[in-house]
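Visitor: Please read through the structure below; I'll follow up with questions.
There are 2 protein chains.
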Amino acid sequence: MKLNDLTSEIIRKKSYLCVGLDIDLSKIPSEFLRFQDPIYEFAKRIIDITSKYVIAYKPNLAFFESYGSNGFKSLEKIMKYLNSNYPEIFTIADAKRGDISNSSLMYSKAYFETLGFDSITLSPYMGKDSIEPFLVFKNKYAILLALTSNDGHKDFQLQKKNDSYLYEDVIKKSQAYENSNRLMYVVGANHFTLLKNIRRIIPNSFLLIPGFGEQGGDLEKVSNLAINDNVGLIVNSSRKILYSFSKYETFDLEIEQSTKKVQLKMEEILINKSIINA
Amino acid sequence: MKLNDLTSEIIRKKSYLCVGLDIDLSKIPSEFLRFQDPIYEFAKRIIDITSKYVIAYKPNLAFFESYGSNGFKSLEKIMKYLNSNYPEIFTIADAKRGDISNSSLMYSKAYFETLGFDSITLSPYMGKDSIEPFLVFKNKYAILLALTSNDGHKDFQLQKKNDSYLYEDVIKKSQAYENSNRLMYVVGANHFTLLKNIRRIIPNSFLLIPGFGEQGGDLEKVSNLAINDNVGLIVNSSRKILYSFSKYETFDLEIEQSTKKVQLKMEEILINKSIINA
Numbered sequence: 001m002k003l004n005d006l007t008s009e010i011i012r013k014k015s016y017l018c019v020g021l022d023i024d025l026s027k028i029p030s031e032f033l034r035f036q037d038p039i040y041e042f043a044k045r046i047i048d049i050t051s052k053y054v055i056a057y058k059p060n061l062a063f064f065e066s067y068g069s070n071g072f073k074s075l076e077k078i079m080k081y082l083n084s085n086y087p088e089i090f091t092i093a094d095a096k097r098g099d100i101s102n103s104s105l106m107y108s109k110a111y112f113e114t115l116g117f118d119s120i121t122l123s124p125y126m127g128k129d130s131i132e133p134f135l136v137f138k139n140k141y142a143i144l145l146a147l148t149s150n151d152g153h154k155d156f157q158l159q160k161k162n163d164s165y166l167y168e169d170v171i172k173k174s175q176a177y178e179n180s181n182r183l184m185y186v187v188g189a190n191h192f193t194l195l196k197n198i199r200r201i202i203p204n205s206f207l208l209i210p211g212f213g214e215q216g217g218d219l220e221k222v223s224n225l226a227i228n229d230n231v232g233l234i235v236n237s238s239r240k241i242l243y244s245f246s247k248y249e250t251f252d253l254e255i256e257q258s259t260k261k262v263q264l265k266m267e268e269i270l271i272n273k274s275i276i277n278a
Numbered sequence: 001m002k003l004n005d006l007t008s009e010i011i012r013k014k015s016y017l018c019v020g021l022d023i024d025l026s027k028i029p030s031e032f033l034r035f036q037d038p039i040y041e042f043a044k045r046i047i048d049i050t051s052k053y054v055i056a057y058k059p060n061l062a063f064f065e066s067y068g069s070n071g072f073k074s075l076e077k078i079m080k081y082l083n084s085n086y087p088e089i090f091t092i093a094d095a096k097r098g099d100i101s102n103s104s105l106m107y108s109k110a111y112f113e114t115l116g117f118d119s120i121t122l123s124p125y126m127g128k129d130s131i132e133p134f135l136v137f138k139n140k141y142a143i144l145l146a147l148t149s150n151d152g153h154k155d156f157q158l159q160k161k162n163d164s165y166l167y168e169d170v171i172k173k174s175q176a177y178e179n180s181n182r183l184m185y186v187v188g189a190n191h192f193t194l195l196k197n198i199r200r201i202i203p204n205s206f207l208l209i210p211g212f213g214e215q216g217g218d219l220e221k222v223s224n225l226a227i228n229d230n231v232g233l234i235v236n237s238s239r240k241i242l243y244s245f246s247k248y249e250t251f252d253l254e255i256e257q258s259t260k261k262v263q264l265k266m267e268e269i270l271i272n273k274s275i276i277n278a
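Protein chains in written order, with the working numbering: chain E, 1 to 278; chain U, 1 to 278.
Here it is in structure tokens:
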């Protein structure tokens with residue numbers, strides 16, 4: 001997908017919401033368990049209900065892998081369903097990969113070619129040659145962990161060297177990688193003060209902001225700090241949407257309402273920022 | 001597996017060799033392609049030929065994932081085969097995972113429970129709560145990336161803060177994690193001078209040393225710097241063993257020879273270090 005098309009889709013849908021597919025069989029309604037592939041059926045239902053309010057889906061590989069090859073099979077079917085029925089929706093493999101170049105090449109094939117994702121999240125620890133293999137694919141994107149939402153971000157990401165934090169070095173150095181225009185960055189929704197600084201370093205890059213929802217984070221505050229002329233922002237919510245039902249009978253309605261509620265808030269923010277008209 | 005049992009196995013086999021299973025269908029003899037599951041059949045053959053010379057196998061997830069759910073299925077079969085037939089051999093999921101605690105918990109289930117690995121490689125970038133979920137499993141191990149063999153290690157791992165490199169901070173901080181006795185570390189075989197320093201910080205931990213073989217690295221030099229009283233060392237070779245055949249007719253013999261050659265070198269080193277008797 002071209003970045004322009006992603007921005008157009010955000011403007012068309014008045015939303016920069018991404019739904020994270022962290023599908024846990026112990027949390028979905030038991031009615032889905034009668035299907036041969038409950039993970040796929042649940043995902044398909046979630047997608048059909050929420051697609052008009054969201055611009056991206058983010059399957060979380062940890063959850064799929066915990067079900068072994070069956071989980072991986074479900075993911076393949078979900079990606080096929082998405083790419084056939086909703087090609088305009090951006091897809092993110094939340095995989096946090098990164099390895100020596102030969103292995104990173106294999107991961108890039110797995111996610112961009114075999115599974116057909118538009119993008120993948122990566123960990124920067126192994127540096128340039130672990131990231132660049134992902135950047136050779138036209139219209140595909142690598143989303144680098146910069147400043148994460150979990151408590152452990154303090155351990156290393158906020159280490160300072162010559163007045164520069166590690167997360168800043170990650171952003172700055174990676175901007176010099178070949179095809180760095182295909183890089184996006186993960187920034188936790190709880191880093192209000194640092195978000196401003198990040199936007200100074202990369203005013204034009206897309207940011208993927210998880211941590212809105214279960215992990216806290218204030219949508220309006222984050223959006224005001226991070227939105228740029230191309231919007232440049234994808235905000236993720238996983239559990240707060242997937243599991244926002246009280247009973248199976250009202251499943252569709254409740255999921256739709258909780259998604260639409262976020263979309264409406266985003267619409268309001270986009271209007272206030274004069275990105276779209278009221 | 002208990003660490004004592006790993007050391008016993010090293011002494012019994014006079015080897016600390018790990019074979020990396022980076023299985024690439026374009027590189028294996030075409031004779032395997034007639035099987036319904038060539039990846040599994042190739043791995044099984046490699047394992048049967050090499051098992052008496054090695055103490056660990058390290059499937060590289062990047063390669064398996066590049067074949068999608070079929071690759072994952074092959075991996076499940078390989079792990080079942082290993083755990084049924086060679087329970088004394090240590091298994092390493094070379095996966096380089098790491099995520100927020102909820103997702104790391106899912107990854108730990110995937111690799112320790114669903115797939116039955118003894119250990120998994122992890123990236124430290126997200127800090128403490130991304131690693132600790134892996135450390136609650138008894139007799140299972142998390143192998144943290146410290147100083148990697150690829151060129152990109154210079155980008156961040158060698159960043160210095162208050163006279164301490166990032167890779168040193170990773171080692172030191174992680175040693176304070178809960179159940180840190182279940183931590184091992186990845187150190188590239190090309191870091192001769194820094195290995196000495198690493199052994200000063202963690203004299204007792206096991207090190208996983210890739211980069212011997214295709215990526216260079218001098219076995220004797222590395223071993224002399226890294227071996228401790230419990231050996232404490234696993235040295236990996238992937239492509240130099242898997243693809244060390246010239247033709248299918250002599251496949252078994254050539255693979256055995258190239259593995260045995262490394263084992264004999266290791267035996268000599270262990271004798272010189274007085275770990276075993278001549």
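Where is the CB? At the ideal position from N, CA and C, for every residue including glycine.
Have a look at E178(U) and D129(U) and give me their C-alpha separation to the nearest angstrom.
Guide: The alpha-carbon atoms of E178(U) and D129(U) are separated by roughly 10 Å.
Visitor: Output yes if chain U places a C-beta closer than 9 Å to the C-beta of F72(E); else output no.
Guide: Output row for F72(E): interface = yes.
Visitor: Could you tell me which chain E residues have their CB closer than 8 Å to the CB of R97(U), listed as they occur along the chain?
Guide: Those are A62, K96, listed as they occur along chain E.
Visitor: Output the boundary residues of the alpha helix (DSSP H) element that contains T259(U).
Guide: Its alpha helix (DSSP H) spans residues 251-272.
Visitor: I need the boundaries of the alpha helix (DSSP H) containing Y248(E), first residue and last residue.
Guide: Where Y248(E) is concerned, there is no enclosing alpha helix (DSSP H), given that its DSSP letter is neither H nor E.
Visitor: Which residues bound the beta strand (DSSP E) around G68(U)?
Guide: Per DSSP, G68(U) belongs to no beta strand (DSSP E); it is in the alpha helix (DSSP H), 68-85.
Visitor: Using the Cβ count rule (16 or more neighbours within 10 Å means buried), how would you classify A176(E)?
Guide: Answer is exposed; the Cβ neighbour count stays below 16.
Visitor: Any Cβ of chain E within less than 9 Å of the Cβ of L166(U)?
Guide: It does: the Cβ of L166(U) has a partner Cβ on chain E nearer than 9 Å.
Visitor: Is the shortest distance between the beta-carbon of T114(E) and the beta-carbons of chain U less than 9 Å?
Guide: Yes, its Cβ sits closer than 9 Å to a Cβ of chain U.
Visitor: Could you tell me the alpha carbon to alpha carbon distance between G232(U) and K44(U), rounded to whole angstroms?
Guide: The alpha-carbon atoms of G232(U) and K44(U) are separated by roughly 27 Å.
Visitor: So that I know if they touch, is there some Cβ in chain U lying closer than 9 Å to that of D169(E)?
Guide: Answer yes: the Cβ-Cβ gap between D169(E) and chain U drops below 9 Å somewhere.
Visitor: Which of helix, strand or coil does DSSP assign to L195(E)?
Guide: Looking at L195(E) - three-state DSSP - the assignment turns out to be helix.
Visitor: CA-CA distance, N60(E) and D94(E)?
Guide: Roughly 5 Å separates the two Cα atoms.
Visitor: How many whole angstroms separate the CB atoms of Q157(U) and D169(E), which I take to be in contact at a CB cut-off of 8 Å?
Guide: Q157(U) to D169(E), Cβ: 12 Å. No contact.
Visitor: Given this structure, state the Cα-to-Cα distance separating I120(U) from L3(E), to the nearest angstrom.
Guide: I120(U) and L3(E): Cα-Cα distance of roughly 36 Å.
Visitor: How many whole angstroms separate the CB atoms of G68(E) and I39(E), which I take to be in contact at a CB cut-off of 8 Å?
Guide: No, G68(E) and I39(E) are not in contact; Cβ-Cβ is about 12 Å, not under 8 Å.
Visitor: Is it the case that the Cβ atoms of G188(U) and L147(U) are separated by a distance below 9 Å?
Guide: In this structure, L147(U) lies closer than 9 Å to G188(U) by Cβ.
Visitor: Where does V186(E) land, buried or exposed, given buried means 16+ other C-beta within 10 angstroms?
Guide: Its Cβ being crowded by 16 or more others within 10 Å, V186(E) is buried.
Visitor: Locate the beta strand (DSSP E) running through P59(E), then write down its first and last residues.
Guide: Per DSSP, P59(E) belongs to the beta strand (DSSP E) from 56-59.
Visitor: Tell me which residues share the same chain as L194(U) and place their Cβ nearer than 7 Å to its Cβ, disregarding the 5 neighbours each side in the sequence.
Guide: Counting only Cβ-Cβ distances below 7 Å, and skipping sequence neighbours, we find L147.
Visitor: Please return the same chain residues whose Cβ sits closer than 7 Å to the Cβ of K221(U), not counting the five positions on each side in sequence.
Guide: The answer, listed in chain order, is F192.
Visitor: For M126(U), name the three-state secondary structure that DSSP assigns.
Guide: Of the three classes helix, strand and coil, the one that applies to M126(U) here is coil, per DSSP.
Visitor: Hey, quick one: how far does the beta strand (DSSP E) through M184(E) stretch, first residue to last?
Guide: Note, M184(E): beta strand (DSSP E), 183-187.
Visitor: Helix, strand or coil for I92(E) per DSSP?
Guide: Of the three classes helix, strand and coil, the one that applies to I92(E) here is strand, per DSSP.
Visitor: How about G152(U): is its C-beta nearer than 9 Å to some C-beta of chain E?
Guide: Yes, G152(U) lies at the interface with chain E (some Cβ there is under 9 Å from its Cβ).
Visitor: Excluding sequence positions up to five away, which residues of its chain have a Cβ less than 8 Å from the Cβ of K172(E)?
Guide: Correct list, in chain order: S164, I201.
Visitor: How far does the alpha helix (DSSP H) with L208(U) in it extend, from its first residue to its last?
Guide: Counting along the chain, L208(U) falls outside any alpha helix (DSSP H), though it belongs to the beta strand (DSSP E) covering 207-209.
Visitor: Residues of the stretch 36-60 of chain E in Cβ contact with chain U at a cutoff of 8 Å, in chain order, please.
Guide: So the list reads N60, given in the order they occur along the chain.
Visitor: Please report the distance separating the alpha-carbon of E256(E) from that of V235(E).
Guide: Rounded to the nearest angstrom, the two C-alpha atoms are 17 Å apart.
Visitor: May I ask you to report which of helix, strand or coil DSSP gives L144(E)?
Guide: Reduced to three states, the DSSP call for L144(E) is strand.
Visitor: Can you give me the Cβ contacts of M79(U) inside the same chain, cut-off strictly under 6 Å, excluding the 5 residues immediately before and after it?
Guide: Taken in chain order, the residues that qualify are L115, G116.
Visitor: Give a yes or no on whether 9 Å exceeds the smallest Cβ distance from Q159(E) to chain U.
Guide: Yes, Q159(E) counts as interfacial toward chain U.
Visitor: According to DSSP, is Y165(U) part of a helix, a strand, or is it coil?
Guide: Correct three-state label for Y165(U): strand.
Visitor: Assuming the contact rule is C-beta atoms closer than 8 Å, M184(E) and Y141(E) should be a hit. Round their C-beta distance to whole Å, please.
Guide: The Cβ separation is near 5 Å, so the contact holds.
Visitor: Short check: CB of L166(U) to CB of I143(U), under 9 Å?
Guide: Not a contact, by the Cβ cut-off of 9 Å.
Visitor: Answer yes or no: do Y107(E) and F134(E) have a C-beta to C-beta separation smaller than 9 Å?
Guide: Taking 9 Å as the Cβ cut-off, Y107(E) and F134(E) qualify as a contacting pair.
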